[in-house]
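Which chain is which? The protein sequence lines are A and B, in order. Residue 404 in our numbering sits at position 404 of the first sequence; the count goes up by one each step and never skips. Residue 1380 in our numbering sits at position 380 of the second sequence; the count goes up by one each step and never skips. C-beta atoms are modelled at their ideal positions from N, C-alpha and C, and glycine is treated no differently. The block underneath contains the structure these notes are about, expressed in structure tokens.
2 protein chains.
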Amino acid sequence: MTTDPAVPGVSADAVLNRAAELDARDPLAHLRRRFVEPGEDLVAYFDGNSLGRPLTATREHLARFVDEVWAARLIRAWDENWMDSPTELGDLIGRVVLGAGPGQTVVADSTTVLLYKLCRAAVRARPGRGEILLDRDNFPTDRFVLEGVAEECGLRLRWITPEPGEGVTVEQVVANTGPDTALVLLSHVAYRSGHLADMPRITAAAHDAGALVLWDLCHSAGAVPTELDAWDVDLAVGCTYKYLNGGPGAPAFAYVARSLQPDLRQPVQGWMGAADPFAMADSYRPADGIRRMISGTPPVLGMLPMRDMLHLIDEAGMAAVRRKSVALTQYAVELADTLLVPLGVRVASPRDPDRRGSHVTLDHPAFRAVTAELWKRGVIPDFRPPQAMRIGLSPLSTSFTEVARGLTEVRDALLRAEAG
Amino acid sequence: MTTDPAVPGVSADAVLNRAAELDARDPLAHLRRRFVEPGEDLVAYFDGNSLGRPLTATREHLARFVDEVWAARLIRAWDENWMDSPTELGDLIGRVVLGAGPGQTVVADSTTVLLYKLCRAAVRARPGRGEILLDRDNFPTDRFVLEGVAEECGLRLRWITPEPGEGVTVEQVVANTGPDTALVLLSHVAYRSGHLADMPRITAAAHDAGALVLWDLCHSAGAVPTELDAWDVDLAVGCTYKYLNGGPGAPAFAYVARSLQPDLRQPVQGWMGAADPFAMADSYRPADGIRRMISGTPPVLGMLPMRDMLHLIDEAGMAAVRRKSVALTQYAVELADTLLVPLGVRVASPRDPDRRGSHVTLDHPAFRAVTAELWKRGVIPDFRPPQAMRIGLSPLSTSFTEVARGLTEVRDALLRAEAG
């Protein structure tokens, strides 16, 4: 048994034994074998919250797609199923991870472009209201898009600043919405702190002011369940390359509640969102339903990998995925308290799992240099300025042993950084 | 030797013998073996102008990408090369097919979204000018996008109507531009007629009026060479799933002349187009150069297949590709005259190859039904209302024998349709 000289009373073997026990009790542990082996140099992947790992099924499906669909069916495949793929895949995401009935979710574009289109459509649907409410913890693209929309539409941005390590509260939303609020844009899970917002109560509060709410689900979709229909959510966008393992830059998804669809007009009027694309009409008439949110040709190849992950999540069930996610983040917090807090690290994510997504953020002034060191050793968290390291724990591909090995390496790298 | 009863004097054997001779003399014929075998049912693929066929290299590169890059390098690949891929791949397109020096082409989004962004940026760069000039032969998405942009920016659309089977002329552009023209949007090759516009002279005419010009290269990129830099083109967008074989819904490209870049601001302000994406800054500052045209995360997987085709085109050289394209369309017109015109078909594309892209459009009232019949028999043109059949001839994947077999089937299907 190795005794750790820097953190008295903590043995490396004890840490690994406890992790092995947790893995043995994990009912989803066997699903981890469905992912492509990452290569021998990888010790711990802590960035599934940024880029999910590929499934072995995806490798085979891509090759079969080239041979059996693209090469063999050629243009005929548009009629056979590609044309419907944005809504068919959208419905799958809706059912498996969002709590959304069919006909309300579509896969298209990037998160940024969908945010732009939905924000423009939303403020157009609330004429005469001059303000958009958002919070400073939103991801940069959300803030940047809204800056642009506010400028071009002559609207004001009203900012909420969450308490450090916390997120936007219902009270803050109540205090900052009113008859002039057109739209509220918030993140379900904050990209830095991992704070999980109270979506149903915040949505209700915004509705009390007559505002529409657009939720950014990028950092929760596939890890934290939602009930978009039951919670009366208006609009949502999300990313598919994080917990939905769609591959780098995979297309995004948008949700628009059915009742809102007839009133929403988005500005990027393309043929694929038109009522009858192949009529090649003289002027644009938007399609009925969610399809009107599409602009260009569906990115068919980029839509393939996420299907495999959606099927895997469906097999596990979102409730079980969430239980595993909570167990992993809980364990990471525990280990951070044991191994890292004594070295000056601060846990910057909420400690209450009900208020936390699937990543744990740790703060330390040395983390920029430490993250670079860790990458070289096959431990891959990410770094967010000024001093945050995010430990992203993708529920179906991360083991407890991986968390133990990785956080032990974080400790060792910190010790080396301090010694150096 | 079979004698054709319907078209006296034309023997099927003679047609095929002549095609075989043309194939034997084709210096690029051997490159056709680089494409995935399309399956035994396919007789002739005439829709490479809509969806190019996959290369065998693409199948292998996708599988290797999953194993060796996505799974193995994970998030590290963003630093290693994914971040630069939109401009690196853009530069490759610029060099191989566009005649554009580096730093002016970017791969992103869809054609529709890039059209929207570039149009918005262009009219913003010409304040005080109230009109956009475009022509009725533009593809629907171009017209629909401009309808939307005109409405939101308070501009008028001015329409040119080309003569049937012809395209926009220099004279029409001169007559319709003036001090109020902000932007001219035209297609290099018209999607219906296949008319090839005189890009250098039309660009100069629009510049004489102080307007910017945006060229849609969707139906020419990879089949018809351009010299964007030499011709002083301002802006261009194009598609990569047609003659660049990028796969269904592959991302599009945009060209912005270097001198214009500092003055162009596009409206979809995303983090990837910001000056320093990972600074997670408080407010948006556009990146220098062409990168500011990007919005969301680069669609890395969707960018892979086009690379293989760009390398193949580079190997052949765009001048040779164009020679093959002209030979193929010339041969298709000849065969149409022999086999189809006697049955009432009209060649609706320009007969002068210097004014024609890489597809030949044929008109006949029975073509809607005939196209459906042909698809069942493995002959795949496409149909555009009210009565056009497009014979798209992708230079590197189409043989003369394929043209002969396919157009013979068109004749047979027409004869059956008339008999039925």
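Practice item. Establish whether the CB of Asp1084 of chain B and some CB of chain A are separated by less than 8 Å. Key: Not closer than 8 Å to any Cβ of chain A, the Cβ of Asp1084 of chain B fails to qualify, so no.
Check your understanding: Where Ala1057 of chain B and Val113 of chain A are concerned, what is the direct C-alpha to C-alpha distance, given to the nearest angstrom?
Key -> Going by C-alpha positions, Ala1057 of chain B is about 31 Å away from Val113 of chain A.
Point to revise | Buried versus exposed call for Gly1128 of chain B [16 or more other C-beta atoms within 10 Å across all chains shown] | key: Exposed.
Check your understanding: What are the uninterrupted segments assigned as beta strand (DSSP E) that are 3 or more residues long and contained completely in the segment 1133-1213 of chain B, given in chain order?
Key -> Those beta strand (DSSP E) runs which fall completely within the segment 1133-1213 of chain B and span 3+ residues are 1156-1160, 1181-1187.
Exercise for review: Would you please verify whether the beta carbon of Glu402 of chain A is less than 8 Å from any beta carbon of chain B?
Suggested key: Chain B places no beta carbon closer than 8 Å to that of Glu402 of chain A, leaving this residue out of the contacts.
Review point. If you draw a straight line from the alpha carbon of Val1168 of chain B to that of Gln261 of chain A, how long is it in whole angstroms?
Key: If you take the alpha carbons of Val1168 of chain B and Gln261 of chain A, they lie about 38 Å apart.
Point to revise | Rounded C-alpha distance that separates Ser220 of chain A from Leu1134 of chain B | key: Distance between the alpha carbons of Ser220 of chain A and Leu1134 of chain B is about 44 Å.
**Study point:** Collapsed DSSP secondary structure at Gly246 of chain A in the structure displayed
**Key:** Coil at Gly246 of chain A, not helix or strand.
Review point. For Asn17 of chain A, which option in A:Arg322, A:Val403, A:Arg356, A:Gln172 has the closest C-alpha, if you only look at C-alpha atoms?
Key: The shortest C-alpha separation from Asn17 of chain A is found at A:Val403.
**Study point:** Neighbouring residues, chain B, relative to Leu301 of chain A (Cβ below 8 Å)
**Key:** Those are Gly1247, Pro1248, Gly1249, Ala1250, Leu1301, Gly1302, Pro1305, listed as they occur along chain B.
Check your understanding: Looking at the C-beta of Thr111 of chain A, does it have a partner C-beta in chain B at a distance below 8 Å?
Key -> So, interface residue.
Check your understanding: Are the C-beta atoms of Met1280 of chain B and some chain A residue less than 8 Å apart?
Key -> Contact with chain A is found for Met1280 of chain B, since one of that chain's Cβ atoms lies less than 8 Å from the residue's Cβ.
Exercise for review: Counting only the same chain and skipping the five closest in sequence on each side, list residues whose C-beta sits under 6 Å from that of Gly101 of chain A.
Suggested key: Closer than 6 Å at the Cβ level, and outside the excluded window around Gly101 of chain A, lie Asp229.
Point to revise | 7 Å Cβ shell around Pro1174 of chain B - same chain, five flanking residues per side excluded | key: Note that residue 1174 of chain B is Val in the sequence shown here, rather than Pro. For Val1174 of chain B, same chain residues with a beta-carbon under 7 Å away, outside a window of 5 residues either side, are Ala1205 in chain order.
Point to revise | DSSP bridge partner residues for Met318 of chain A (one or two, in chain order) | key: Answer by DSSP bridge pairing: none, since Met318 of chain A is not bridged.
Exercise for review: Name, please, each residue of chain A whose Cβ falls closer than 8 Å to the Cβ of Ser1394 of chain B.
Suggested key: Neighbours of Ser1394 of chain B on chain A: none; closest Cβ ~11 Å, over 8 Å.
Point to revise | Neighbour list for Ser1283 of chain B in chain A, Cβ cutoff strictly below 7 Å | key: The answer, in chain order, is Glu147.
Review point. Helix or strand or just coil, what does DSSP make of Leu1393 of chain B?
Key: Leu1393 of chain B falls in the coil class under three-state DSSP.
Exercise for review: Taking Pro38 of chain A as the reference, give the member of A:Asp26, A:Ser50, A:Ser259, A:Pro54 with the closest Cα.
Suggested key: For the residues A:Asp26, A:Ser50, A:Ser259, A:Pro54, the minimum Cα distance to Pro38 of chain A belongs to A:Pro54.
Practice item. Identify the continuous alpha helix (DSSP H) that holds Phe1400 of chain B and give its terminal residues. Key: According to the DSSP assignment, Phe1400 of chain B belongs to the alpha helix (DSSP H) that extends over 1400-1419.
Check your understanding: Could you give the uninterrupted runs of the alpha helix (DSSP H) lying entirely in the segment 260-318 of chain A, keeping only those of 4 residues or more?
Key -> If we require 4 residues or more, the alpha helix (DSSP H) runs fully inside the segment 260-318 of chain A come out as 304-316.
Practice item. For Lys954 of chain B, count neighbouring C-beta atoms within 10 Å of its own C-beta (all shown protein chains included) and say buried if the count is 16 or more, exposed if not. Key: Residue 954 of chain B falls outside the range modelled here, since chain B spans only 1001 to 1420, and no answer is possible.
Point to revise | Within chain B, the residues that Trp271 of chain A reaches when beta carbons sit closer than 8 Å | key: Under a criterion of Cβ atoms nearer than 8 Å, the residues of chain B adjacent to Trp271 of chain A are, in order, Thr1112, Phe1139, Pro1140, Thr1141, Phe1144.
**Study point:** CB contact flag (Ala71 of chain A, Val1036 of chain B, <8 Å)
**Key:** Their beta carbons are under 8 Å apart, which means Ala71 of chain A touches Val1036 of chain B by this criterion.
Review point. How about Leu31 of chain A and Leu310 of chain A: are their beta carbons less than 8 Å apart?
Key: Going by C-beta atoms, Leu31 of chain A is not nearer than 8 Å to Leu310 of chain A.
Point to revise | Terminal residues of the beta strand (DSSP E) in which Thr361 of chain A lies | key: Per DSSP, Thr361 of chain A belongs to the beta strand (DSSP E) from 359-363.
Exercise for review: Flag Asp276 of chain A as yes if its beta-carbon sits less than 8 Å from any beta-carbon of chain B, otherwise no.
Suggested key: Output row for Asp276 of chain A: interface = no.
Check your understanding: Quick one: what's got a C-beta closer than 7 Å to Met1303 of chain B's C-beta in the same chain, skipping five residues either side?
Key -> Cβ within range, chain order: Ser1085, Leu1089, Val1107, Pro1251.
Check your understanding: Going by the CB atoms, is the gap between Ala197 of chain A and Leu186 of chain A shorter than 8 Å?
Key -> Cβ distance < 8 Å, so Leu186 of chain A and Ala197 of chain A count as in contact.
Practice item. Give me the Cβ distance between Gly52 of chain A and Tyr241 of chain A, rounded to the nearest whole Å; I'm assuming they're in contact under 8 Å. Key: Gly52 of chain A to Tyr241 of chain A, Cβ: 7 Å. Contact.
**Study point:** Outcome for Gly317 of chain A when other beta-carbon atoms lying within 10 angstroms are tallied against a minimum of 16
**Key:** Residue burial is scored here from C-beta neighbours: Gly317 of chain A has fewer than 16 other C-beta atoms within 10 angstroms and is therefore classed as exposed.
Practice item. At 7 Å on the CB atoms, spell out the chain B contacts of Val66 of chain A, in chain order. Key: By Cβ distance, chain B contributes Val1036, Pro1054, Thr1058, Arg1059, Leu1062.
**Study point:** Residue ranges of each beta strand (DSSP E) within the segment 327-378 of chain A, 3 or longer
**Key:** You should have 359-363.
Point to revise | Collapsed DSSP secondary structure at Glu227 of chain A in the structure displayed | key: Coil.
Review point. Mind listing which residues of the segment 363-382 of chain A have their C-beta closer than 8 Å to chain B's C-betas, in chain order?
Key: Taking 8 Å as the Cβ-Cβ cut-off against chain B, the residues of the segment 363-382 of chain A that qualify are Trp375, Ile380, Asp382.
**Study point:** Contiguous alpha helix (DSSP H) assignments of at least 4 residues, all confined to the segment 1022-1077 of chain B
**Key:** The qualifying runs are 1056-1064.
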